[in-house]
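Chains as they are written, first to last, in UniProt numbering: chain A, 1 to 238; chain B, 1 to 238; chain C, 1 to 238; chain D, 1 to 238; chain E, 1 to 238; chain F, 1 to 238.
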């Protein structure tokens, strides 16, 4: 099996770290790293349901990238006066993914907002964000239980995510920026702890991909996500 | 095999029509219908490349929905002062999908914009838009060849799209609005004429989906898209 | 009497068609054509009065043009982030004109929005929009009466509109795009079925116009509008 | 002939004053008053043609109202983040009206911007603005001639404007705010020094107006504007 | 003591005039001039408290500059679609400064908005605005007392402001535009009638300033403001 | 001398740390902490001068606060569509302050942007940002010298900042959030390594402050800043 520029095997994740309580004010605050990709995920609890829903709570996400998280400075979205299409797409994905493990009715009249801000980018920021945001969400829910804001845990199962792609003709797991820019096709996969799919988003970059390529990518993603699920569990125990 | 509310079998498309030259000014102008979903797709040729690229042309898309294309009136995005995250996500998907069958270098210094405006919505507007926009694009490219703006055809292959989902526990093809709102998971698939994948976007709505469900949905989509590819061919011959 | 490039006599309208129920969801939906100008006019009924008014309903309009309704593609206003001054001027005109035949008190706590979207433009889009929107409004009001939302018909009289101008030195009715671009002065006239004026908007383009020119234009407009009033009546009977 | 609340006869203008050089920096600066309506009109000369035109200059206008120019405070448009439809309609009207007396080719590569800011409003702000802006424009053009920026005077003729309407059943000239709010129909007329029409904008407020009413209003406007033309001449001589 | 280009001594204010009731509609309307700097300050009383405060009233300010108040035309902020950072900074300063002399609880459920619009600029517009706005505020409060909207005067003390700076190496009072553009450091000072500080904002332009320079500037400002306080008093007696 | 809630003496800074190379991509990247206030300051070098300046480079700053840097979640400015007045005021202050120690001509055709993003807020974010941004700027300039982009060091001197205020009746240095919210007056001071003033911004919150209070605050600030200057030096040596 040929190795990658980074020396990783095709099915190898980058070193992952999940640091809880990175900042003080948020009910959940996690700095997640997938190699050089570092995302600060905070979970904020507010006592209000969404405007368009009479009962039950809500879980939503916002995503941002610090202007110099990347190789060359990007323009600040607040100064631009709007969030890019890419930003909106990512934050909608994060929110949808996390809601897949929450019983919103059991959340009562609360909204939890997951802010995922990329401090440093090296590929896979959205999948790192989902993986870290789950831990921040779990911390926030535990804080709510402790304060008596809710009676029973609204979380069922876990959610984690990883990217996969075909790079140099071979399917690989957890692409870094160099692999991502050069890859022929790119897929983000979100799963739960039972290995079931929550989101699958695959895009052909260089050439359209065949069904057997798709199958290989899904296998890689499944194995990678089950490792991430385990790392989340350990982090939450610590 | 249980039938659907609409009387269709699980693997049956809605009646599809592809009407070329619906309006006069555009280089390509197609009214595509998937059942009651009707989208006007125009292709406009402009002599300018994209600002961020020194050589070669570009293909891009914009998407809109007339305020009363839907059951209840939606707010006009132009009056709101911005396009929603959903709109941006869809138009990025359409543009990316169509570019997958275009040799941009062979397009010279031209930009082709595909405007997909939904006149009436009944589910599957983005997949109908991609399917119709391909035909408008082909007409525009033929007009360019005829005028001598380009020497060789920059299109290779065809692109079409369809939605699939699990509704009432069974995998079904080409969901209408009623099926789409109630479905447990929903996937949009874009393929080329060789049955290869260009985009796969699946989202769990009610519950996470198992690998075998995913496989069944991909099978349905593949069969449906190959029919749409054939319908595009016939429309272009007419 | 010299004829026009189009072969029409100076006092001749273009072929006019008024197609009701063009789309399904709206309470009124009319595709109106004045020659090659085609505007989709929908009337949407919502149960809310305007914020700034304690009692009675409201009738308002929004106007848009699909990017490639015109010879060269115009930028999409939703993508630009704002409606142009021209768009706002036109939609204010349409709303004001239609309100001139509505007893707003009799409309109860309802707002009717007339969306006029130009699918294809060849001059006179605002006057075609007013003429078509009246028919959509009449259909919506009839639907409300049938559902028992209102007791008595809030419409009194009819409203239609046409453009007139001086082209090649001679006053002509219902200018198409070629005549409109080259004309020396241009006037939009809105009248009711009694031949009384609701709006008169005349602009000198090439040279200021004399009182007798103004008089000739008003005569042409009056005759033209009375024909349109008749065509509306026939369409509503069909 | 019944008199008006203000004591004026139906064909009587309010006291008009035209004060030149009201501020120091602008090439033309005029404070115009029609009774209690006071508008500061400045003309600014900039050495640049419009972006969309290869040759010749341009004359354009912007309009604003100080928040407390009116009885109750209006919101500041700069704080709102956009100009209202009304503001845009008015500034387009002012620009178009003034251009009707300018030979743009003779203006060379210059743009003259007429800023019309209402310090105090009592009806007829747009017509006062046009009347005052003409004088500011004439001053700016004279300054350009003196500096040698242009060789020949690009102005031909004069432009002035007034409102007319039907109030209490009778046609009256130059409506103040009280008359304007209560009037049945309202018309703004712009003419040149030869009594020819540049713009006619009439709107039925209470009821549609008959042709003979329209004729009476146009007669009143013509007589009023010829007086304003004379007042402009005197102001420019002073 | 060397004199300034303007002939003023270093500690000399420009001629100051405070003209009350400059416009009719506002509860307070003051045209303040500091030499060629002329600012129209209106105070508008509205019966509503601020949204974020349960009890007591509010005093706030907005600032604007007419496009041609300056040597070269500036772009109109309403047309730009936003207020510049400079504008926001100034209006926040004016509001904060005026609130320093108001007992907001005694203001009941009223909001007073101070609109400060610069008709002509020659340096020191923000300090002239604060000085004039105080007088407009006092007039508005008196009108409220007279109407019985409030029982006791919510104003305590007076507020005025002036700029100071180091120009040509010497500390000077009340800089005009020429001095301001060329100055090495620039300070805006707001004080009350007891000579106490409400705001001090000093900025080094050319070089950092020493403590003794700062002290000299504060002395100049104090003496200048006490004169302005006296001029406000006289204006309010008139 | 009474102590503060935090146990600090009135003239005592919070523990300060300056961590260089916190992220990888930026030419300078500093995480600065003043107690619990943590700001990430990056310096980005781009090869372009400012649009409005023919020669020489530019130094500018942008400021942001992560939504949950604070006790309760603030709205994300990118989602709001604009930067608040407070944000703009702060980033203008940071940019101006840093430019006070840069010879812009010696910077050639480069722009350095200082992005200051608050990860956690506990009072004094703008002064911490200035202090940290100086170190990031020094690192970026050194990188430019090493790469040969510039020949001589454009920095002269150092810049640091601190807040001071009157809290519980006594002048104190470096206020934390609790002191800041309750303080009677609040001043931000920016100085260079020679103890000269670059910016002084004082605001009375509860009551106007006397000259001797101002003097005491300036003394405290001077002593505090000289300590910060020393800490910057040590960090840059490390």
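Just so it is clear, CB atoms sit at the ideal spot from N, CA and C, and this is done for glycine as well. Since the structure is predicted, the reported quantities are computational estimates derived from the model, not experimental observations.
Exposure of residue i, with buried meaning 16 or more beta-carbon neighbours within 10 Å
{"i": "residue 48/A", "result": "exposed"}
{"i": "residue 238/B", "result": "exposed"}
{"i": "residue 224/F", "result": "buried"}
{"i": "residue 168/F", "result": "exposed"}
{"i": "residue 170/E", "result": "exposed"}
{"i": "residue 21/F", "result": "exposed"}
{"i": "residue 204/F", "result": "buried"}
{"i": "residue 38/F", "result": "buried"}
{"i": "residue 97/A", "result": "buried"}
{"i": "residue 124/C", "result": "buried"}
{"i": "residue 75/F", "result": "exposed"}
{"i": "residue 138/C", "result": "buried"}
{"i": "residue 206/D", "result": "exposed"}
{"i": "residue 131/A", "result": "buried"}
Residue i and residue j closer than 8 Å at C-beta
{"i": "residue 34/B", "j": "residue 103/B", "result": "no"}
{"i": "residue 90/C", "j": "residue 134/C", "result": "no"}
{"i": "residue 162/C", "j": "residue 217/C", "result": "no"}
{"i": "residue 27/E", "j": "residue 129/E", "result": "no"}
{"i": "residue 136/F", "j": "residue 30/F", "result": "yes"}
{"i": "residue 189/B", "j": "residue 221/B", "result": "yes"}
{"i": "residue 199/B", "j": "residue 202/A", "result": "yes"}
{"i": "residue 110/B", "j": "residue 80/B", "result": "no"}
{"i": "residue 6/B", "j": "residue 176/B", "result": "yes"}
{"i": "residue 14/B", "j": "residue 117/B", "result": "no"}
Residue i - DSSP class collapsed to helix/strand/coil
{"i": "residue 252/F", "result": "Outside the shown range of chain F (1 to 238) lies residue 252/F, about which nothing can therefore be said."}
{"i": "residue 26/B", "result": "coil"}
{"i": "residue 97/C", "result": "helix"}
{"i": "residue 126/D", "result": "helix"}
{"i": "residue 180/B", "result": "helix"}
{"i": "residue 72/E", "result": "coil"}
{"i": "residue 63/C", "result": "strand"}
{"i": "residue 135/B", "result": "helix"}
{"i": "residue 120/D", "result": "strand"}
{"i": "residue 113/C", "result": "strand"}
{"i": "residue 224/D", "result": "helix"}
{"i": "residue 46/B", "result": "strand"}
Residues near residue i by beta carbon distance below 6 Å, same chain, minus five either side
{"i": "residue 99/F", "result": "59"}
{"i": "residue 180/C", "result": "123"}
{"i": "residue 113/E", "result": "44 and 60"}
Contact set for residue i: own chain, Cβ-Cβ below 7 Å, skip 5 residues either direction
{"i": "residue 42/E", "result": "23, 26, 28, 29, 115 and 136"}
{"i": "residue 19/A", "result": "30 and 31"}
{"i": "residue 84/D", "result": "77"}
{"i": "residue 152/A", "result": "106"}
query: For the 8 Å Cβ check, are there 3 or more pairs between the region 205–215 of chain F and the region 189–198 of chain E?
result: yes
field: Touching by the beta-carbon criterion (3+ pairs, under 8 Å), the region 43–57 of chain F and the region 97–116 of chain F
entry: yes
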